[in-house]
Ligand SMILES: [Mg+2]
Ligand SMILES: [Mg+2]
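Residue numbers (my numbering), protein chains in the order written: chain A, 6 to 359; chain R, 6 to 359.
Structure representation (C-alpha cells):
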C-alpha cells in the first residue's frame with residue numbers, strides 16, 4: 006500500500022521522537038512492502054517564529070492531502086508569555102477542531118520489566134492494559150454560554166445524542182478487538198448530561214451482546230484506577246472526565262514517555278502523538294524516549310490504515326526490546342541498560358527486521 | 006464547656022461507629038471537663054422505614070437546636086430500589102443543603118504503621134498529610150438550566166464571587182494552621198468559571214502573604230496525587246473537581262475506614278462524618294473500623310468548638326494506638342493485632358485517659 010502521512014514534528018523533543026518514529030515506520034514499510042510518503046508541516050512554536058501563527062494554512066493543506074497526521078510535541082518557555090492565540094498549544098486545539106477529531110484514544114499498558122518505576126505497588130500495576138476512549142470535541146469545554154465577569158462565571162455542558170453515540174460505538178467496537186469489556190464513566194446520579202449518556206450507552210450495548218459493560222461514577226473510577234487498575238479494559242467517557250481520568254491513568258505505570266495517543270475523525274482519519282510534552286530541557290540531547298511516538302504510529306497503522314499485522318509487529322518489537330532490559334535515560338538507577346534515542350530506535354528496527 | 010450535639014447514626018455500621026465516637030468524646034469530656042449532650046435523630050433508611058422520609062422534620066429541628074451534627078452513614082440494599090426522593094442518600098443531600106454546608110473538608114493522612122496497605126509504593130505514600138477543601142453547594146451539580154431529553158442534554162456550571170471567595174478564604178485560614186501552603190486546582194486554560202476562580206484566589210492570596218500558593222490544572226493534580234502526594238498541604242477546588250480528587254486521594258493511603266470529613270457552614274456550624282459507607286455486609290458484627298467516625302469528631306472539636314487541645318489529644322490517641330500495632334479487621338494479613346470495634350474504641354479511650 007502507499008500512504009501519505011503529514012509529519013508535524015513540532016518543538017523540543019517533538020522533532021527527535023518523530024524522526025525516530027519515521028525510521029521505524031520505514032522499517033515496517035520495507036518488511037511489509039508499503040510505501041510511506043512523508044510531507045512535513047510546521048506546527049506550534051516553530052510555526053509561530055516562521056510564519057506568525059501556530060497552525061499555518063499550509064500545514065492544514067498538507068494534512069488535508071494526507072491519509073493521517075503524526076505529531077511530535079509543541080511548546081517551550083520561549084512562547085510561554087505570548088498572547089493565547091499565539092501560543093503553540095493553540096495550534097493543537099485548532100487542528101483537532103479543524104479535522105473534527107472527536108474520539109481520543111489513550112491506551113495505558115504496564116510493561117513487566119518497568120513495574121519498579123510505577124508509583125503503585127508492583128502487584129497493583131502489573132497487568133494493567135486499558136484503553137481510555139474520551140469524547141474530545143463536546144461537553145463543558147465547548148458549550149455556550151461561557152463567560153465570566155468580576156462577579157459571576159458560567160460554563161455550559163452540552164451534549165447531543167450524535168456526539169455521545171459515535172464515541173460510545175467506537176468504544177464497543179474497540180472492546181471487540183480487546184477483552185470484550187466496556188466501563189462507561191459518568192456522574193448520572195447528579196448530571197442530566199450523564200443521564201442521557203447512560204441511556205445511550207444502554208442502547209448501544211444492546212447492539213453488542215458479546216461485550217460485557219458496566220457503568221461507574223467518575224469519582225469511583227478515579228479511585229479504582231489506583232486500587233485495581235488492571236480490572237479495566239475499555240473505559241469510555243465524556244470530554245472533561247476523560248481529560249482528568251486519562252491523565253490520572255497515565256502515571257500509574259510510571260512510564261509517561263512510553264504512552265501513545267490517537268485523535269480520530271469518524272471516518273478513521275486521525276492524528277497520532279505521544280502524550281508527553283516537548284521537554285525543552287532535554288531537547289537535542291538524543292536522550293528522549295521515542296517509544297511514545299513510535300507506539301503512536303502503531304495506532305495509526307491499526308486505526309487509519311487497517312494494517313493490523315504491521316501494528317502488532319511494531320508493538321511486539323517495542324515490547325521485546327523493553328523486556329530484554331533496555332530503556333532510555335529517564336529510567337536510570339533501576340539497573341537496566343540505558344540507550345540513547347537513536348540507539349533505542351535502532352534496537353526496535355532490528356527487532357522488526359529479525 | 007457545654008455542647009449539644011445532634012447524633013444521626015443512620016444505617017448499617019453507621020450506628021456502631023457513631024456509638025464508638027460518642028464513647029471517645031465522653032472520655033475527652035471527662036478529661037477536659039466538658040459536658041456533651043447527645044440528641045438522637047433519624048436519618049436515611051431507618052428514617053424512611055419509621056416516618057416515611059429520609060430527612061424527617063424532627064431531625065431538622067434537632068439539628069437546628071444543636072451546636073454541631075455527627076453522622077454515621079446511610080443506605081443499604083433494602084432501599085436501593087426506592088424512587089429517588091425516598092433514597093437514604095437523599096437525606097444527606099437535603100441536610101447539606103438545608104444547613105448551607107458549603108465547605109467540605111477531606112483530610113488524608115498516611116499512618117506509618119499502615120503503609121503496607123496503600124496501593125502506592127510505601128515511599129510514595131509515606132508522609133502524605135493533605136487537606137482537600139471542596140466547595141460543596143455550587144457549580145455544575147446545581148446550576149440551571151439542567152435538563153435532558155432523548156436527543157440533547159445540558160448542565161450548567163455557575164459560580165458567584167461570594168461562593169468562591171468563602172471557600173478560598175477557608176483554605177488559606179486552614180493553611181496557616183498547617184504547613185502554610187495552598188494549591189488551588191482549576192481548569193483555567195479552558196473554563197471561564199476557572200478563570201474567575203483563579204482571579205479570586207489571587208486576590209485572597211494577597212491578603213495572606215505568609216501562605217505560599219500555586220495553581221494547578223485539575224488533570225495535572227490528578228497525576229500528582231499519585232506520583233507525589235506528600236507534596237500537598239491544602240488543596241482548594243470547586244465542587245466537581247473536589248468530588249473527583251477527594252475520592253482519588255482517599256485511596257492513596259489504603260485505609261478508607263480511617264478517613265473523616267467535615268461539611269461546614271460559614272459560621273462554623275458543621276456536620277461531621279466518616280467518608281466510608283454503611284457497609285451493610287459487616288453491620289452488627291462489631292468489626293467495623295470506628296476511626297473514621299472518631300477522627301470526624303476531632304474535626305468537630307477543632308472546627309465547630311475551637312477545642313484545639315482536645316482535638317489534638319484525640320488525634321494523638323488514635324495515632325498512638327495505630328503505631329502500637331493495633332488495627333481493625335480490614336487490615337488482616339499484615340501481621341498486626343486485630344481488634345473489634347469496641348476493643349479499638351477502648352484502646353483509644355485508654356490513650357486519652359493516660
Ligand atoms: Mg488532560
Ligand atoms: Mg465523590
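All C-beta atoms in this analysis are idealised placements derived from N, C-alpha and C, irrespective of residue type, glycine included.
query	result
Distance between beta carbons of residue 239 of chain A and residue 136 of chain A, contact taken as under 8 Å	5 Å
Residue 95 of chain R - containing alpha helix (DSSP H), residue span	93-103
Element boundaries [alpha helix (DSSP H), containing residue 333 of chain A]	Run containing residue 333 of chain A: none; DSSP gives neither H nor E here.
Proximity of residue 119 of chain R and residue 130 of chain R at Cβ, strictly below 7 Å	no
Contact set between residue 153 of chain A and chain R, taken where Cβ atoms lie within less than 7 Å	197, 198, 200, 201
Closer than 6 Å: residue 191 of chain R CB and nearest ligand 1 heavy atom	no
For residue 89 of chain R, the three-state DSSP class (helix, strand or coil)	helix
CB contact flag (residue 315 of chain A, residue 306 of chain A, <7 Å)	yes
Cutoff 7 Å: residue 253 of chain A Cβ touching any chain R Cβ	yes
Extent of the continuous alpha helix (DSSP H) run through residue 297 of chain A	296-308
Contact check, residue 46 of chain R vs residue 73 of chain R, beta carbons under 7 Å	no
Beta-carbon proximity list for residue 179 of chain R, same chain, < 8 Å, skipping 5 on both sides	110, 136, 138, 239
Residue from A/113, A/116, A/79 with nearest C-alpha to residue 99 of chain A	A/79
Limits of the unbroken alpha helix (DSSP H) element including residue 177 of chain A	166-181
Sufficient close CB pairs (3 or more, under 8 Å) joining the segment 183-197 of chain A to the segment 155-168 of chain R	yes
Short CB-CB distance (under 7 Å) between residue 126 of chain R and chain A	yes
Cross-chain neighbours of residue 312 of chain R in chain B, by beta carbon under 8 Å	Structure shown: chain B not included; protein chains present are A and R.
Contact with chain A by residue 135 of chain R, beta-carbon distance below 7 Å	no
Contacts of residue 85 of chain R in chain A (Cβ-Cβ under 8 Å)	Result: empty, since nearest Cβ-Cβ is about 13 Å, beyond 8 Å.
Span of the alpha helix (DSSP H), counted from its first residue to its last, around residue 9 of chain A	Where residue 9 of chain A is concerned, there is no enclosing alpha helix (DSSP H), although the beta strand (DSSP E) it sits in stretches over 7-15.
Limits of the alpha helix (DSSP H) - the one that residue 244 of chain A falls within	244-255
Residue 350 of chain A (DSSP reduced to helix, strand or coil)	helix
Any non-hydrogen atom of ligand 4 within 6 Å of residue 224 of chain A CB	Absence of ligand 4 from the depicted structure is noted, with ligand 1 and ligand 2 being the only ligands included.
Neighbouring residues, chain R, relative to residue 228 of chain A (Cβ below 8 Å)	252, 253, 255, 256
DSSP three-state assignment for residue 108 of chain R, whether helix, strand or coil	strand
Residue 257 of chain R versus residue 299 of chain R: straight-line alpha-carbon distance, rounded	20 Å
Closer than 7 Å to chain R by CB, residue 249 of chain A	yes
Which of helix, strand or coil DSSP assigns to residue 46 of chain A	coil
Interfacial residues, the segment 155-177 of chain A to chain R, with Cβ spacing under 8 Å	155, 156, 157, 158, 159, 160, 161, 162, 163, 164, 165, 166
contact_flag[the segment 272-280 of chain R, the segment 239-250 of chain A] where n(CB pairs < 8 Å) is 3 or more	no
Residue from R/293, R/221, R/166 with nearest C-alpha to residue 16 of chain R	R/293
Any non-hydrogen atom of ligand 1 within 6 Å of residue 154 of chain A CB	no
The segment 24-33 of chain R touching the segment 59-78 of chain A, judged by at least three CB pairs closer than 8 Å	no
Residue 63 of chain A (DSSP reduced to helix, strand or coil)	helix
Separation of residue 199 of chain R from residue 151 of chain A, as counted between CA atoms	11 Å
Short CB-CB distance (under 7 Å) between residue 129 of chain A and chain R	yes
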